[in-house]
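Heads up: the structure comes next, in structure tokens.
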Amino acid sequence: MALLEIREVTKRFGSYTAVDHVNISVQAGEFFTLLGPSGCGKTTLLRMIAGFDLPDSGQILLDGKDMVGTPPEKRPVHTVFQTYALFPHMTVAENIAFPLKMARKPSHEIKLQVGEALDNVRLSDFGHRLPHELSGGQKQRVAFARGLVNRPRLLLLDEPLGALDAKLREEMQIELINLQKNVGVTFVFVTHAQNEALALSHRIAVMNKGSVEQIDEPSKIYSSPRNRFVADFIGKISIMNATVLEAAPSHLKLDVAGLGHVTAAGNQGVRTGDRGVMAIRPEQVRISHPSTDLELKNHFHGKVHDFLYMGDVTTYIVELSNGIRIEALLPNSAPGRAKFFEAGDEVAVSWRHDAGIFLNE
Amino acid sequence: MSRANIWLWLVAASIYAFLYVPLAIVVMYSFNDSRLNAEWVGFTLHWYKALLNNQEMLTAARNSLVIALCASLSSTILGTMAGLAIHRYRWKFLPVLVFTPVAMPEILLGVSLLLFFLQVLNVTLGMVSIIIAHTTFCIGFVAIIVRARLQAMDDSIFEAARDLGASPWQTFRLVTLPLIVPAVVAGALMSFTLSIDDFIITFFTKGVGEPILPIQIYTMIKVAVTPEVNAISTLLMLLTLTMIIIAARLEARASSNRNNSRQAR
Chain A
105 MALLEIREVT KRFGSYTAVD HVNISVQAGE FFTLLGPSGC GKTTLLRMIA
155 GFDLPDSGQI LLDGKDMVGT PPEKRPVHTV FQTYALFPHM TVAENIAFPL
205 KMARKPSHEI KLQVGEALDN VRLSDFGHRL PHELSGGQKQ RVAFARGLVN
255 RPRLLLLDEP LGALDAKLRE EMQIELINLQ KNVGVTFVFV THAQNEALAL
305 SHRIAVMNKG SVEQIDEPSK IYSSPRNRFV ADFIGKISIM NATVLEAAPS
355 HLKLDVAGLG HVTAAGNQGV RTGDRGVMAI RPEQVRISHP STDLELKNHF
405 HGKVHDFLYM GDVTTYIVEL SNGIRIEALL PNSAPGRAKF FEAGDEVAVS
455 WRHDAGIFLN E
Chain B
34 MSRANIWLWL VAASIYAFLY VPLAIVVMYS FNDSRLNAEW VGFTLHWYKA
84 LLNNQEMLTA ARNSLVIALC ASLSSTILGT MAGLAIHRYR WKFLPVLVFT
134 PVAMPEILLG VSLLLFFLQV LNVTLGMVSI IIAHTTFCIG FVAIIVRARL
184 QAMDDSIFEA ARDLGASPWQ TFRLVTLPLI VPAVVAGALM SFTLSIDDFI
234 ITFFTKGVGE PILPIQIYTM IKVAVTPEVN AISTLLMLLT LTMIIIAARL
284 EARASSNRNN SRQAR
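Just so you know, the sequences run in chain order A and B. Using this note's numbering, the letters of the first sequence correspond one by one to residues 105 to 465. Using this note's numbering, the letters of the second sequence correspond one by one to residues 34 to 298.
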């Protein structure tokens, strides 16, 4: 039985449907992420799991028990808020002790557990400090410790890394993975940052306009997006209109507008004659001098329109002969060289027969 | 210093003089060894001693203190509740209902309360009617201060308390109340100062019985402005000033805490 079961949950605010017939089940011990752009309903869903909002219809079951009518304080679910929500008038130790006190744990046990929790987040010397005396990252760790100290069945995290700068964010991501591994608490994590979702999660639910578009492992979400929204939202991708000429289980033959025949990965749901788009990730596209002899099936000529230098890699935007633009990513593997091609260079682009994905409109 | 600057200083100085010289004169003459508020004769505490022997004045002062204490206590409790309700329920007419008496002309409040007490409730006017009247116009002030404090806070703090296992009452007692205490105390002090020197509403709702301080002072002035009036006014000024300073300090401290917690976010 799943630990958390969300069944046909719908929530409206006036005429606006924030969450629309959502079905999700989360297994015990999982790091599950709700990913989507702002306004997609992920936070509303989280608030309903916590008990701050009630669904208009549908059920939320925890360990098989319907949570409707159970107020937030009675649910074995704790939340880490985006703003941390530490109690400003309590010390770090008092903040962490709060859920234990509410659970009426004996005071010697509280002391022990608070000490352990402080150790876990490497803040042993900070117990007597007030929240405003801490840095952003330290506050974040206190919020984690407070959420986990009473071992909830489920920990909800509402964009907890959103307020941190990039460097700290990466550190906290690693810390978060280790924390989850060590305590074994199930995490439901909300974020709009796709790279964060890919790096942290066991499974991801991609949400858009109140609905779930796809639930899968990070690698599946990235490599086999179910539709155009998922493909576009996760990572970078070049998209071109296409029609299916031939649908075989192993591969598809597509007619890409203005480009001609392209071979793409097989997809069981696709029929000959289907219209849609072909999508391809920049790192799957090889870019080379036009003279290079390539054996790859999908092989086209174009001109470098522009490029984006990012340090470790450079993304080239190549305009193909028909005016279509495609992105190609090249690691800067030659020391001291920022790029291999200049804007205006004639180049060839190519990709494996199964690198392109066809998505129905 | 440039010419424009000198003018600016002069204007500012005269405005402040206009505000504070009359008050300074009252304080000064309360120590003047003469019956007349005409010329400085010499320093004396005579008028303060005379005040201590003025039975009617003492009764009036005691009555006013009792009224101010009761009115500030009840308006603080009710005003805090109103502030919390306005913040929580976001019902757009609620603030209008609570804050209107603050903006209402006092004369109107006085007349309407008088009619309400006499014609609707049919009660004898006295201490109780004054306390109720003062409470009605103080609630709004307390609610404004408490609500401002709540608005400056992160609402997820209260949700976090519930989330971590606190009942609504525990959330109020352990989280909300400790955080709004500075605003509540500031509201109480504010109500006290508003109540103790209120004239118009008191005048309408006092009836004929007990003497009340501001009205007693007015009655004395009708005969003559004696140095005794100066003395009692000085004392009243001192009390009010102290309260206002404490209230302002509390508010400032609360908002500096607030900024700290903001910054770190």
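Built from N, CA and C at the ideal position, the CB exists for glycine as well.
Worksheet item: Quick one: is His182 of chain A buried, meaning 16 or more other Cβ sit within 10 Å of its Cβ, or exposed?
Response: On the first sequence, residue 182 of chain A is found 78 positions in, with the first residue counted as 1. Burial call: buried.
Practice prompt. Would you please state the rounded distance, in angstroms, between the beta carbons of Ile325 of chain A and Ile341 of chain A? I believe it to be under 8 Å.
Written response: Within the first sequence, numbered from 1, the residue matching residue 325 of chain A stands at position 221. Within the first sequence, numbered from 1, the residue matching residue 341 of chain A stands at position 237. Between Ile325 of chain A and Ile341 of chain A a beta carbon distance of about 12 Å is seen, past the 8 Å cut, so the two are scored as non-contacting.
Worksheet item: Exposed or buried, which one is Arg298 of chain B when buried takes at least 16 other CB atoms within 10 Å?
Response: In the second sequence, counting from the first residue as 1, residue 298 of chain B sits at position 265. No answer about Arg298 of chain B holds up, because its pLDDT of 36 lies below 50 and its placement is not dependable.
Worksheet item: CA-CA distance, Leu142 of chain B and Ala166 of chain B?
Response: Translated into positions along the second sequence, residue 142 of chain B becomes position 109. Translated into positions along the second sequence, residue 166 of chain B becomes position 133. Computed Cα separation, rounded: 8 Å.
Item to complete: Please list the residues of the stretch 200-214 of chain A that have a C-beta atom closer than 8 Å to any C-beta atom in chain B, keeping them in chain order.
Response: For the stretch 200-214 of chain A, the set of positions with a beta-carbon nearer than 8 Å to some beta-carbon of chain B reads Phe202, Pro203, Met206, Ala207 in chain order.
Fill in: Contact between the stretch 221-232 of chain B and the stretch 272-279 of chain B (3+ Cβ pairs under 8 Å)
Cβ pair count under 8 Å is three or more, so yes.
Worksheet item: Is the Cβ-Cβ distance between Ser63 of chain B and Pro260 of chain B less than 8 Å?
Response: Position 30 of the second sequence holds residue 63 of chain B. Position 227 of the second sequence holds residue 260 of chain B. In contact: Ser63 of chain B and Pro260 of chain B (Cβ atoms closer than 8 Å).
Practice prompt. Express the C-alpha separation of Leu234 of chain A and Leu78 of chain B in angstroms, rounding to a whole number.
Written response: Position 45 of the second sequence, counted from the first residue, corresponds to residue 78 of chain B. Position 130 of the first sequence, counted from the first residue, corresponds to residue 234 of chain A. Spanning the alpha carbons of Leu78 of chain B and Leu234 of chain A requires a straight line of approximately 50 Å.
Worksheet item: So, Leu150 of chain A versus Ala301 of chain A, is the Cβ gap smaller than 8 Å?
Response: Residue mapping note: residue 150 of chain A aligns to position 46 of the first sequence, counting from 1. Residue mapping note: residue 301 of chain A aligns to position 197 of the first sequence, counting from 1. Here Leu150 of chain A is not near Ala301 of chain A, since their CB atoms are 8 Å or more apart.
Worksheet entry | Within 9 Å of chain B by C-beta, residues of the stretch 407-423 of chain A in sequence order | Along the stretch 407-423 of chain A, none of the residues has a CB nearer than 9 Å to a CB of chain B.
Item to complete: Please name the residue, chosen from B:Phe149, B:Asn155, B:Ile172, B:Leu69, that lies closest to Val217 of chain B on a Cα-to-Cα basis.
Response: For this step, residue 217 of chain B is matched to residue 184 along the second sequence. Distance from the Cα of Val217 of chain B is smallest, within the candidate group B:Phe149, B:Asn155, B:Ile172, B:Leu69, for B:Ile172.
Item to complete: Would you decide whether Glu213 of chain A is buried or exposed? Buried here means 16 or more other CB atoms lie within 10 Å of its CB.
Response: Counting from one through the first sequence, the residue named residue 213 of chain A turns up at place 109. With fewer than 16 other Cβ atoms within 10 Å, it is exposed.
Worksheet entry | Within 9 Å of chain A by C-beta, residues of the stretch 192-207 of chain B in sequence order | Within the stretch 192-207 of chain B, the qualifying residues are Glu192, Ala193, Ala194, Arg195, Asp196, Leu197, Gly198, Ala199, Ser200, Pro201, Gln203, Thr204, Leu207.
Worksheet item: Three or more C-beta pairs closer than 8 Å, one from the stretch 160-170 of chain A and one from the stretch 110-121 of chain A: is that the case here?
Response: Yes, they touch.
Worksheet entry | Residues of its chain near Asn331 of chain A, where Cβ-Cβ distance is below 8 Å and the 5 sequence neighbours each way are ignored | For the purposes of this step, residue 331 of chain A is taken as residue 227 along the first sequence, with counting starting at 1. Non-local C-beta neighbours of Asn331 of chain A in its own chain, meaning closer than 8 Å and more than five positions away in sequence, comprise Glu317, Gln318, Leu463, Asn464, ordered along the chain.
Practice prompt. Look up Lys324 of chain A in the DSSP assignment and say whether it is helix, strand or coil.
Written response: Numbered from its first residue, the first sequence carries residue 324 of chain A at position 220. Taken through DSSP and simplified to helix, strand or coil, Lys324 of chain A comes out as helix.
Item to complete: Take the Cβ of Lys255 of chain B as the centre, count every other Cβ of all protein chains shown within 10 Å, and call the residue buried at 16 or more, exposed below.
Response: Taking the first residue of the second sequence as position 1, residue 255 of chain B is located at position 222. Under this definition Lys255 of chain B is an exposed residue.
Worksheet item: Beta-carbon separation of Ala351 of chain A and Arg375 of chain A under 8 Å?
Response: Here the question's residue 351 of chain A lines up with position 247 in the first sequence. Here the question's residue 375 of chain A lines up with position 271 in the first sequence. Inclusion of Ala351 of chain A and Arg375 of chain A in the CB contact set at 8 Å is warranted, their separation being smaller than that value.
Worksheet item: Among all the DSSP beta bridges, which residues are the ones paired with Trp455 of chain A?
Response: On the first sequence, residue 455 of chain A is found 351 positions in, with the first residue counted as 1. Trp455 of chain A is bridged to A:Asn402.
Worksheet item: Between His232 of chain A and chain B, is there a C-beta pair that is closer than 8 Å?
Response: Numbered from its first residue, the first sequence carries residue 232 of chain A at position 128. Under the 8 Å criterion on CB atoms, His232 of chain A is classed as non-interfacial with respect to chain B.
Practice prompt. Please decide whether Phe156 of chain A counts as near chain B, where near means a Cβ-Cβ distance under 8 Å.
Written response: Working through the first sequence from its first residue, we reach residue 156 of chain A at position 52. So, interface residue.
Fill in: Stretch-stretch touch, CB-based, cutoff 8 Å, three pairs: the stretch 92-110 of chain B with the stretch 193-203 of chain B
With a cut-off of 8 Å, the stretch 193-203 of chain B and the stretch 92-110 of chain B do not count as touching, because too few Cβ pairs lie within range.
Discussion item. So if I threshold CB-CB distances at 7 Å, which residues from the stretch 161-192 of chain B count as touching chain A?
Written reply: The stretch 161-192 of chain B vs chain A, Cβ under 7 Å: Asp187, Ser189, Ile190, Glu192.
Discussion item. Assuming contact is defined by CB atoms lying nearer than 8 Å, are Gly240 of chain B and Leu158 of chain B in contact in what I supplied?
Written reply: Numbered from 1 along the second sequence, position 207 holds the residue referred to as residue 240 of chain B. Numbered from 1 along the second sequence, position 125 holds the residue referred to as residue 158 of chain B. It is a contact, given that the beta carbons lie within the stated cut-off.
Discussion item. Against chain A, does Leu41 of chain B count as a neighbour if the rule is that its beta carbon must be under 8 Å from one of theirs?
Written reply: Position 8 of the second sequence, counted from the start, is the residue given in the question as residue 41 of chain B. No, Leu41 of chain B lies away from the interface with chain A (no Cβ there is under 8 Å from its Cβ).
Worksheet item: What residues in its chain sit with their C-beta under 7 Å from that of Val144 of chain B, if we drop five residues either side in the sequence?
Response: Start at 1 with the first residue of the second sequence, and residue 144 of chain B comes out as number 111. Cβ neighbours of Val144 of chain B beyond the five flanking positions: Phe237.
Worksheet item: Is it true that the CB of Thr290 of chain A sits closer than 8 Å to the CB of Ala132 of chain A?
Response: Looking up residue 132 of chain A in the first sequence gives position 28. Looking up residue 290 of chain A in the first sequence gives position 186. For Ala132 of chain A and Thr290 of chain A, yes; Cβs fall inside 8 Å.
Worksheet item: By a C-beta neighbour count over all protein chains shown, 10 Å radius and 16 as the cutoff for buried, is Trp455 of chain A buried or exposed?
Response: Position 351 of the first sequence, counted from the start, is the residue given in the question as residue 455 of chain A. With 16 or more other Cβ atoms within 10 Å, it is buried.
Item to complete: Kindly list the residues whose CB is nearer than 7 Å to the CB of Ala115 of chain B, restricted to its own chain and excluding five residues on each side of it in sequence; keep chain order.
Response: Here residue 115 of chain B is taken as the residue at index 82 of the second sequence, counted from 1. Within the same chain, Ala115 of chain B has close Cβ partners Val131, Ile172, Ala176.
Practice prompt. Kindly say whether Pro211 of chain B, judged by its beta-carbon, lies nearer than 8 Å to any beta-carbon of chain A.
Written response: In the second sequence, the residue the question calls residue 211 of chain B occupies position 178. For Pro211 of chain B, the answer is yes, since a Cβ of chain A falls inside 8 Å of its Cβ.
Worksheet item: To the nearest angstrom, how far is it from the Cα of Ser437 of chain A to the Cα of Gly415 of chain A?
Response: Along the first sequence, one-based indexing puts residue 437 of chain A at 333. Along the first sequence, one-based indexing puts residue 415 of chain A at 311. CA-CA distance, Ser437 of chain A to Gly415 of chain A, rounds to 11 Å.
Discussion item. Restricting to Cα atoms, I'd like to know which of A:Ala106, A:Ser354, A:Leu190, A:Val246 is closest to Glu220 of chain A.
Written reply: Position 116 of the first sequence, counted from the first residue, corresponds to residue 220 of chain A. Shortest Cα-Cα distance from Glu220 of chain A to any of A:Ala106, A:Ser354, A:Leu190, A:Val246 involves A:Val246.
Item to complete: Spell out whether any CB of chain B is found under 8 Å from the CB atom of Thr187 of chain A.
Response: Numbered from its first residue, the first sequence carries residue 187 of chain A at position 83. The C-beta of Thr187 of chain A comes closer than 8 Å to at least one C-beta of chain B.
Discussion item. Is Thr183 of chain A close to chain B? Criterion is C-beta to C-beta, closer than 8 Å.
Written reply: Here residue 183 of chain A is taken as the residue at index 79 of the first sequence, counted from 1. Yes, Thr183 of chain A counts as interfacial toward chain B.
Worksheet item: By the criterion of Cβ-Cβ separation under 9 Å, what are the contact partners of Phe444 of chain A in chain B?
Response: As a working note, residue 444 of chain A is residue 340 in the first sequence. Simply none; closest approach about 43 Å.
Practice prompt. For Met105 of chain A, count neighbouring Cβ atoms within 10 angstroms of its own Cβ and tell me buried if that reaches 16, exposed if not.
Written response: For this step, residue 105 of chain A is matched to residue 1 along the first sequence. So Met105 of chain A ends up on the exposed side.
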